[in-house]
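Trainee: Have a look at this one.
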Amino acid sequence: MHHINLHFHKLLALTGLLPDAIQSNCSKCSEKQRQASVKVMRHLRQSRVRDWNRLLDKYDPQGDKRKNLKLD
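As numbered in mature numbering (1 follows the signal peptide of the UniProt record, and there is no 0), residues -24 to -1, 1 to 48 make up the sequence shown, in order.
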């Protein structure tokens, strides 16, 4: 399962969904993309904290967008 999640994370990152999800709370995502993004971001936040923090640092360097993420 971990292997699948990692590939899914890479796919989302490559298609630009994670940057949009972090920067604008997935404003350009379809509902299905939003659900997938939330699932991946939750996984990263809970199981791959270092990778999650890297993404946040890259796509939200000032830290003002992350407080608006709806992951819970």
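Ideal placement from N, C-alpha and C gives every residue a C-beta, glycine not left out.
How is the alpha helix (DSSP H) around Pro(-6) delimited, first residue to last?
Mentor: From DSSP, the alpha helix (DSSP H) with Pro(-6) extends over -8 to -1.
Trainee: Grab me the residues of Leu31's own chain with a C-beta within less than 6 Å of its C-beta, minus the 5 sequence neighbours each way, in chain order.
Mentor: Contacts found: none.
Trainee: DSSP state of Lys4, grouped into three classes?
Mentor: Coil, per DSSP.
Trainee: Helix, strand or coil: how does DSSP classify Leu47 here?
Mentor: In the structure shown, Leu47 sits in coil (DSSP, three-state: anything other than H, G, I, E or B).
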